[in-house]
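Residues 0 to 298 (numbering that gives the first Met the number 0) make up the sequence shown, in order. Where a beta carbon is used, it is the ideal one built from N, C-alpha and C, also for glycine. Computed from a predicted structure; not experimentally measured.
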Amino acid sequence: MSDKRRAARVQGSWAKQLPKPSGPTGTLSNNNQTKNSNTTSVSWGFGPQKTSKAFEFHQPTKPVRVVPPEKVIEQAGDHEISHGPSGVSRLRLMPGFLPPEEADWMFSKLLAELPWSQKTNSNRQGDAYEEPRLTCWYGELPYTYARSTMAANTQWHPLLVTLREAVEQVSGLSFNSLLCNLYRDGHDSIGWHSDDEASLGDKPTIASLSLGDTRVFSLRKQPPPEENGDYTYVERIRIPLAHGMLLLMEGATQDDWEHQVAKEYHDRGPRINLTFRTIYPEPEGHRPGTKMRFTAKQP
């Protein structure tokens, strides 16, 4: 066998054929291009790839709401806490209105000599409960709040008369009534409320004098009508009311804000709170103790 025939026989019969490629070798066939018209041409052997879409940011349909931080007021002076359709709400804080030594003996005397009693009240469902504090009332007219009435009492304790005159002098106002509260310890409290009974008149000023242990006085703004009574996002204020401190709530504070003295679950000594106010006869045909909202007169 000649060398040429031997070489041809080896190359033709005995040599193994190379395997056919399993993927595209550079350019897609016409069939593949027609079948995969939505794909891009690949030139490096990794198969067809779909075109990726760019990320798009969409604003949330509702704005993210943040609960406002609670504001703390401790400095003396006038503090305008809100401006609204009802008017300006203002707090006047006077630390050290009574010197410590005077405040000490006044606290002891009032604690021992005032006719403190625990008032029974009822909730909206009509269930009776005992208020978690002691109270007494002074004034020529009875005072009704929270479905219970305190009888008129014109026999003012002499020390209370002295304190009323001192508060009137510094505030430039006159007061004919006084609600006294005794918080015996940290478990005594008063819940959220506004002093906006009809007998208090329009835009009442409440003068609050504290004696004894410090308790936190909290305020929260009334939510707008569209919030349906939800207080989650309203403004809040806290004021540590110390021994001998005077606080005046003025303007639209009772219309636009609520206040409370919450329970405190640690040691607290007794505290007396004297709230001077002006009471008027109940409007004719108005149920005693109920709220009356006043609206600004249009020009």
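#### Entry: One or two residues paired with L210 in a DSSP bridge
I271
#### Entry: the stretch 230-238 / the stretch 203-214 touching (three or more Cβ pairs under 8 Å)
Because the criterion of three Cβ pairs below 8 Å is not met, the stretch 230-238 and the stretch 203-214 do not touch.
### Query
From what residue to what residue does the alpha helix (DSSP H) around M105 run?
P99 to E112
### Task
Quickly, what does DSSP pair W256 with across the bridge? List them, please.
K220
### Message
Taking 8 Å as the threshold (C-beta atoms), are K220 and D184 in contact?
### Response
The Cβ atoms of D184 and K220 lie no closer than 8 Å to each other.
### Message
Using only CA atoms, which one of L245, I278, R267 and A261 lies nearest to R91?
### Response
L245
### Query
In whole angstroms, what separates the C-alpha of T213 from that of P84?
34 Å
### Query
Considering only the beta carbon of each residue, do E167 and S176 sit closer than 8 Å?
No, they are not a contact pair.
### Query
In chain order, what residues of the same chain have a beta carbon less than 7 Å from the beta carbon of A75, not counting five sequence neighbours either side?
L92, M93 and P94
### Query
In the DSSP assignment, what are the bridge partners of M244?
BP columns for M244 are empty, so no partner.
### Task
Would you check if there are 3 or more beta carbon pairs closer than 8 Å linking the stretch 256-265 to the stretch 116-123?
no
### Task
Give me the Cα-Cα distance between A241 and A251, rounded to the nearest whole angstrom.
24 Å
### Task
Following the continuous alpha helix (DSSP H) through S170, name the residue where it begins and the one where it ends.
P157 to S170
### Query
Taking the alpha carbon of Y279 as the point to measure from, which residue in E139, M105 and V66 has its own alpha carbon closest?
Looking at the Cα atoms, E139 is the closest of the given residues.
### Query
Would P282 pass as a contact of Y182 if the rule is Cβ separation under 8 Å?
Result no, Cβ atoms of P282 and Y182 do not sit closer than 8 Å.
### Query
Grouping DSSP H, G and I as helix and E and B as strand, with all else coil, what is S85?
Looking at S85 - three-state DSSP - the assignment turns out to be coil, as it is neither helix nor strand.
### Message
Suppose you measure from the CA of T153 to the CA of L218; what does that come to, to the nearest Å?
### Response
31 Å
### Task
Determine the burial state of A102: buried for a count of at least 16 other Cβ atoms within 10 Å of its Cβ, exposed for fewer.
It is buried - the Cβ of A102 has at least 16 other Cβ atoms within 10 Å.
#### Entry: Exposed unless 16 or more other CB atoms sit within 10 angstroms - verdict on Y128
exposed
### Task
Excluding the 5 residues preceding and the 5 following M149 in the sequence, name in chain order all residues of the same chain whose CB lies nearer than 7 Å to its CB.
W136, P141 and Y142
### Task
Specify, as a first and last residue, the run of the beta strand (DSSP E) that E226 falls within.
Looking at the DSSP string, E226 is not in any beta strand (DSSP E), and its letter there is neither H nor E.
### Task
Report the rounded CA-to-CA distance for P224 versus D126, giving the unit in angstroms.
28 Å
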